[in-house]
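Note sheet for the following structure.
Numbering (UniProt numbering), first residue to last: 1 to 263.
Here it is in C-alpha coordinates:
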(Lines of atoms letter the chains of each structure in order from A; the text may use other names.)
(Lines give C-alpha, C1' and ligand atoms only; values in the text may rest on other atoms or scores of the structure.)
Protein backbone atom coordinates (compact mmCIF):
# COMPACT_ATOMS: atom_id res chain seq x y z
CA UNK A 1 0.00 0.00 0.00
CA UNK A 2 1.61 3.27 -1.15
CA UNK A 3 0.82 6.27 1.04
CA UNK A 4 1.10 9.83 -0.26
CA UNK A 5 1.15 12.92 1.91
CA UNK A 6 -0.56 15.93 0.38
CA UNK A 7 1.47 19.08 0.97
CA UNK A 8 -1.49 20.90 2.55
CA UNK A 9 -1.52 18.39 5.43
CA UNK A 10 1.48 20.28 6.81
CA UNK A 11 -0.42 23.59 6.72
CA UNK A 12 -1.07 25.79 3.72
CA UNK A 13 0.69 28.82 5.13
CA UNK A 14 3.70 26.73 6.16
CA UNK A 15 4.10 25.33 2.64
CA UNK A 16 3.77 28.76 1.04
CA UNK A 17 6.33 30.17 3.45
CA UNK A 18 8.88 27.33 3.44
CA UNK A 19 8.40 25.75 0.02
CA UNK A 20 7.43 22.19 -0.90
CA UNK A 21 10.87 20.63 -0.46
CA UNK A 22 11.01 21.15 3.30
CA UNK A 23 7.70 19.35 3.73
CA UNK A 24 8.58 16.64 1.25
CA UNK A 25 11.51 15.89 3.52
CA UNK A 26 9.06 15.60 6.41
CA UNK A 27 6.90 13.26 4.32
CA UNK A 28 9.92 11.06 3.68
CA UNK A 29 10.77 10.94 7.39
CA UNK A 30 7.19 9.86 8.05
CA UNK A 31 7.57 6.89 5.72
CA UNK A 32 5.46 8.12 2.80
CA UNK A 33 6.10 6.77 -0.69
CA UNK A 34 4.80 9.84 -2.50
CA UNK A 35 4.24 13.56 -2.07
CA UNK A 36 1.50 15.70 -3.62
CA UNK A 37 2.69 19.06 -4.87
CA UNK A 38 -0.08 21.67 -4.81
CA UNK A 39 0.13 24.42 -7.38
CA UNK A 40 -2.04 26.77 -5.33
CA UNK A 41 0.55 26.60 -2.53
CA UNK A 42 3.39 28.00 -4.63
CA UNK A 43 4.70 31.25 -3.17
CA UNK A 44 4.64 32.84 -6.63
CA UNK A 45 4.23 31.98 -10.29
CA UNK A 46 8.00 31.64 -10.48
CA UNK A 47 7.65 28.32 -8.65
CA UNK A 48 5.65 26.99 -11.62
CA UNK A 49 8.41 27.78 -14.14
CA UNK A 50 9.60 24.58 -15.87
CA UNK A 51 13.13 24.90 -14.53
CA UNK A 52 11.87 25.29 -10.98
CA UNK A 53 9.56 22.32 -11.35
CA UNK A 54 12.33 20.18 -12.82
CA UNK A 55 14.60 21.09 -9.93
CA UNK A 56 11.91 20.19 -7.41
CA UNK A 57 11.28 16.92 -9.22
CA UNK A 58 14.95 16.01 -9.04
CA UNK A 59 15.02 16.78 -5.33
CA UNK A 60 11.94 14.63 -4.71
CA UNK A 61 13.54 11.80 -6.64
CA UNK A 62 16.70 12.07 -4.58
CA UNK A 63 14.54 11.69 -1.47
CA UNK A 64 13.07 8.52 -2.96
CA UNK A 65 9.60 10.04 -3.35
CA UNK A 66 7.36 9.97 -6.42
CA UNK A 67 5.01 12.88 -6.94
CA UNK A 68 1.49 13.94 -7.73
CA UNK A 69 1.03 17.34 -9.37
CA UNK A 70 -2.26 18.89 -8.25
CA UNK A 71 -3.73 22.00 -9.81
CA UNK A 72 -7.02 23.72 -8.97
CA UNK A 73 -7.57 24.18 -12.72
CA UNK A 74 -10.73 22.62 -14.13
CA UNK A 75 -10.82 20.22 -17.08
CA UNK A 76 -14.12 21.71 -18.26
CA UNK A 77 -15.13 25.37 -18.27
CA UNK A 78 -18.28 26.50 -16.42
CA UNK A 79 -20.20 26.41 -19.73
CA UNK A 80 -19.20 22.78 -20.40
CA UNK A 81 -16.36 23.18 -22.89
CA UNK A 82 -13.10 21.26 -22.60
CA UNK A 83 -10.51 23.74 -21.34
CA UNK A 84 -7.70 23.05 -23.79
CA UNK A 85 -5.39 25.63 -22.26
CA UNK A 86 -5.80 24.41 -18.71
CA UNK A 87 -5.24 20.79 -19.74
CA UNK A 88 -2.15 21.56 -21.79
CA UNK A 89 -0.63 23.69 -19.02
CA UNK A 90 -1.30 21.05 -16.36
CA UNK A 91 0.26 18.31 -18.49
CA UNK A 92 3.31 20.47 -19.24
CA UNK A 93 3.86 21.37 -15.60
CA UNK A 94 3.39 17.79 -14.44
CA UNK A 95 5.89 16.61 -17.05
CA UNK A 96 8.44 19.18 -15.87
CA UNK A 97 8.01 17.94 -12.30
CA UNK A 98 8.19 14.31 -13.41
CA UNK A 99 4.91 13.51 -11.67
CA UNK A 100 3.25 10.10 -11.68
CA UNK A 101 -0.23 11.69 -11.60
CA UNK A 102 -1.56 15.07 -12.73
CA UNK A 103 -4.78 15.93 -10.93
CA UNK A 104 -7.36 18.49 -12.05
CA UNK A 105 -10.85 19.36 -10.94
CA UNK A 106 -13.59 18.17 -13.28
CA UNK A 107 -15.32 21.54 -13.54
CA UNK A 108 -18.38 22.07 -15.72
CA UNK A 109 -18.61 18.73 -17.54
CA UNK A 110 -22.13 18.52 -18.98
CA UNK A 111 -22.32 15.35 -21.05
CA UNK A 112 -19.82 15.55 -23.92
CA UNK A 113 -16.59 13.84 -22.93
CA UNK A 114 -14.41 15.31 -25.73
CA UNK A 115 -12.44 12.10 -25.54
CA UNK A 116 -10.67 12.58 -28.87
CA UNK A 117 -9.46 16.04 -27.86
CA UNK A 118 -8.23 14.80 -24.47
CA UNK A 119 -6.44 11.90 -26.15
CA UNK A 120 -4.77 14.30 -28.58
CA UNK A 121 -3.46 16.42 -25.72
CA UNK A 122 -2.14 13.35 -23.94
CA UNK A 123 -0.43 12.12 -27.11
CA UNK A 124 1.09 15.54 -27.71
CA UNK A 125 2.42 15.61 -24.18
CA UNK A 126 3.87 12.12 -24.51
CA UNK A 127 5.64 13.15 -27.69
CA UNK A 128 7.19 16.27 -26.20
CA UNK A 129 8.42 15.21 -22.78
CA UNK A 130 8.44 12.22 -20.52
CA UNK A 131 9.51 11.34 -17.01
CA UNK A 132 12.95 9.92 -16.52
CA UNK A 133 11.46 6.41 -16.52
CA UNK A 134 9.95 7.01 -19.97
CA UNK A 135 6.36 7.30 -18.73
CA UNK A 136 4.03 10.28 -18.75
CA UNK A 137 1.86 11.60 -15.94
CA UNK A 138 -1.49 9.84 -15.60
CA UNK A 139 -4.43 12.24 -15.86
CA UNK A 140 -6.98 12.00 -13.02
CA UNK A 141 -9.96 14.18 -12.14
CA UNK A 142 -11.10 14.78 -8.58
CA UNK A 143 -14.52 15.30 -7.05
CA UNK A 144 -14.46 18.78 -5.58
CA UNK A 145 -16.43 20.52 -2.84
CA UNK A 146 -18.63 22.56 -5.21
CA UNK A 147 -21.69 21.39 -7.10
CA UNK A 148 -19.82 22.15 -10.33
CA UNK A 149 -17.24 19.41 -10.50
CA UNK A 150 -18.48 17.55 -7.44
CA UNK A 151 -21.74 16.09 -8.63
CA UNK A 152 -21.91 12.28 -8.74
CA UNK A 153 -23.93 12.52 -11.98
CA UNK A 154 -21.04 14.34 -13.65
CA UNK A 155 -18.61 11.53 -12.90
CA UNK A 156 -21.02 8.82 -13.93
CA UNK A 157 -21.69 10.79 -17.11
CA UNK A 158 -18.01 11.37 -17.86
CA UNK A 159 -16.99 7.73 -17.65
CA UNK A 160 -20.11 6.55 -19.47
CA UNK A 161 -19.47 9.04 -22.27
CA UNK A 162 -15.85 7.97 -22.62
CA UNK A 163 -16.95 4.34 -22.83
CA UNK A 164 -19.44 5.20 -25.59
CA UNK A 165 -16.61 6.91 -27.49
CA UNK A 166 -14.49 3.78 -27.16
CA UNK A 167 -12.08 5.64 -24.87
CA UNK A 168 -12.71 3.95 -21.54
CA UNK A 169 -9.59 4.21 -19.42
CA UNK A 170 -8.42 7.45 -21.06
CA UNK A 171 -8.27 9.07 -17.63
CA UNK A 172 -8.91 8.05 -14.05
CA UNK A 173 -10.46 9.45 -10.91
CA UNK A 174 -9.20 10.75 -7.61
CA UNK A 175 -11.92 9.74 -5.17
CA UNK A 176 -11.86 12.26 -2.33
CA UNK A 177 -13.76 10.60 0.50
CA UNK A 178 -14.24 13.77 2.53
CA UNK A 179 -15.22 16.14 -0.27
CA UNK A 180 -18.59 14.44 -0.79
CA UNK A 181 -19.67 15.82 2.60
CA UNK A 182 -19.73 19.37 1.22
CA UNK A 183 -22.53 18.21 -1.11
CA UNK A 184 -24.25 16.08 1.54
CA UNK A 185 -23.54 12.93 -0.46
CA UNK A 186 -22.68 9.63 1.22
CA UNK A 187 -19.41 8.33 -0.29
CA UNK A 188 -20.29 4.72 0.51
CA UNK A 189 -23.21 4.94 -1.92
CA UNK A 190 -20.89 6.01 -4.74
CA UNK A 191 -17.73 4.03 -4.10
CA UNK A 192 -18.82 0.68 -5.60
CA UNK A 193 -19.98 2.25 -8.87
CA UNK A 194 -16.98 4.55 -9.29
CA UNK A 195 -14.40 2.04 -8.04
CA UNK A 196 -13.46 0.78 -11.56
CA UNK A 197 -12.25 4.30 -12.39
CA UNK A 198 -10.50 5.16 -9.11
CA UNK A 199 -6.70 5.34 -9.34
CA UNK A 200 -5.91 7.55 -6.33
CA UNK A 201 -7.78 8.13 -3.07
CA UNK A 202 -7.77 11.29 -0.96
CA UNK A 203 -8.35 10.27 2.63
CA UNK A 204 -10.08 12.59 5.05
CA UNK A 205 -13.41 13.11 6.72
CA UNK A 206 -15.24 16.35 7.44
CA UNK A 207 -16.40 18.08 10.59
CA UNK A 208 -18.80 20.96 10.99
CA UNK A 209 -21.84 21.94 8.96
CA UNK A 210 -22.53 23.83 5.75
CA UNK A 211 -19.90 26.38 4.77
CA UNK A 212 -18.18 25.83 8.12
CA UNK A 213 -17.08 22.31 7.27
CA UNK A 214 -13.38 21.53 7.48
CA UNK A 215 -11.22 18.44 6.86
CA UNK A 216 -10.22 16.21 9.76
CA UNK A 217 -8.47 12.90 10.29
CA UNK A 218 -10.74 9.86 10.24
CA UNK A 219 -11.33 8.39 13.69
CA UNK A 220 -9.69 5.03 14.30
CA UNK A 221 -13.13 3.50 14.92
CA UNK A 222 -14.89 5.19 11.96
CA UNK A 223 -16.65 2.19 10.43
CA UNK A 224 -18.09 4.19 7.54
CA UNK A 225 -14.65 5.42 6.47
CA UNK A 226 -13.32 1.87 6.57
CA UNK A 227 -16.30 0.65 4.57
CA UNK A 228 -15.60 3.21 1.86
CA UNK A 229 -11.98 2.11 1.62
CA UNK A 230 -13.12 -1.50 1.45
CA UNK A 231 -15.33 -0.58 -1.53
CA UNK A 232 -12.45 1.04 -3.43
CA UNK A 233 -9.41 -0.61 -5.03
CA UNK A 234 -6.76 -1.64 -2.52
CA UNK A 235 -3.91 -1.43 -5.02
CA UNK A 236 -4.10 2.33 -5.62
CA UNK A 237 -2.23 5.02 -3.62
CA UNK A 238 -3.93 6.65 -0.66
CA UNK A 239 -3.26 10.31 0.05
CA UNK A 240 -3.38 11.94 3.48
CA UNK A 241 -5.24 15.24 3.04
CA UNK A 242 -6.16 16.19 6.59
CA UNK A 243 -4.09 18.53 8.76
CA UNK A 244 -1.50 17.16 11.12
CA UNK A 245 -1.17 18.37 14.69
CA UNK A 246 1.17 21.37 14.38
CA UNK A 247 2.65 20.69 17.82
CA UNK A 248 3.86 17.21 16.81
CA UNK A 249 3.93 17.14 13.05
CA UNK A 250 6.60 14.45 12.57
CA UNK A 251 5.00 12.05 15.04
CA UNK A 252 1.50 12.67 13.70
CA UNK A 253 2.57 12.20 10.09
CA UNK A 254 4.39 8.94 10.85
CA UNK A 255 1.42 7.65 12.83
CA UNK A 256 -1.08 8.26 10.05
CA UNK A 257 1.18 6.90 7.31
CA UNK A 258 1.44 3.64 9.22
CA UNK A 259 -2.26 3.58 10.14
CA UNK A 260 -3.54 4.32 6.65
CA UNK A 261 -1.37 1.58 5.16
CA UNK A 262 -3.07 -0.95 7.40
CA UNK A 263 -6.70 0.18 7.67
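Glycine included, each C-beta is placed from N, C-alpha and C at the ideal position.
Whole-angstrom C-beta distance between residue j and residue i, which should lie under 8 angstroms
i	j	result
residue 232	residue 175	6 angstroms
residue 67	residue 103	Not a contact, Cβ separation roughly 11 angstroms.
residue 56	residue 20	6 angstroms
residue 165	residue 113	6 angstroms
residue 31	residue 258	7 angstroms
residue 4	residue 34	4 angstroms
CB of residue i within 8 angstroms of CB of residue j, strictly
i	j	result
residue 118	residue 170	yes
residue 200	residue 237	yes
residue 106	residue 141	yes
residue 261	residue 12	no
residue 53	residue 93	yes
residue 154	residue 109	yes
residue 228	residue 168	no
residue 8	residue 39	no
residue 244	residue 10	yes
residue 16	residue 78	no
residue 76	residue 84	no
Contact set for residue i: own chain, Cβ-Cβ below 6 angstroms, skip 5 residues either direction
i	result
residue 86	73
residue 218	205 and 225
residue 208	214
C-alpha gap between residue i and residue j, whole angstroms
i	j	result
residue 150	residue 36	20 angstroms
residue 173	residue 161	15 angstroms
residue 156	residue 194	7 angstroms
residue 252	residue 163	42 angstroms
residue 188	residue 182	15 angstroms
residue 256	residue 216	12 angstroms
residue 125	residue 137	9 angstroms
residue 48	residue 89	10 angstroms
residue 46	residue 220	40 angstroms
residue 96	residue 230	35 angstroms
Coarse secondary structure for residue i, derived from DSSP in three states
i	result
residue 176	strand
residue 234	coil
residue 52	helix
residue 38	strand
residue 151	coil
residue 103	strand
residue 239	strand
residue 274	In the structure as shown, the chain starts at 1 and stops at 263, and residue 274 therefore has no counterpart that could be examined.
residue 109	coil
residue 6	strand
residue 114	coil
residue 263	coil
residue 142	strand
Close beta carbons around residue i, own chain, < 7 angstroms, minus the five adjacent residues each side
i	result
residue 184	none
residue 145	179 and 182
residue 63	24, 25 and 28
residue 226	263
Residues of its chain near residue i, where Cβ-Cβ distance is below 8 angstroms and the 5 sequence neighbours each way are ignored
i	result
residue 197	155, 159, 172 and 173
residue 250	26, 29 and 30
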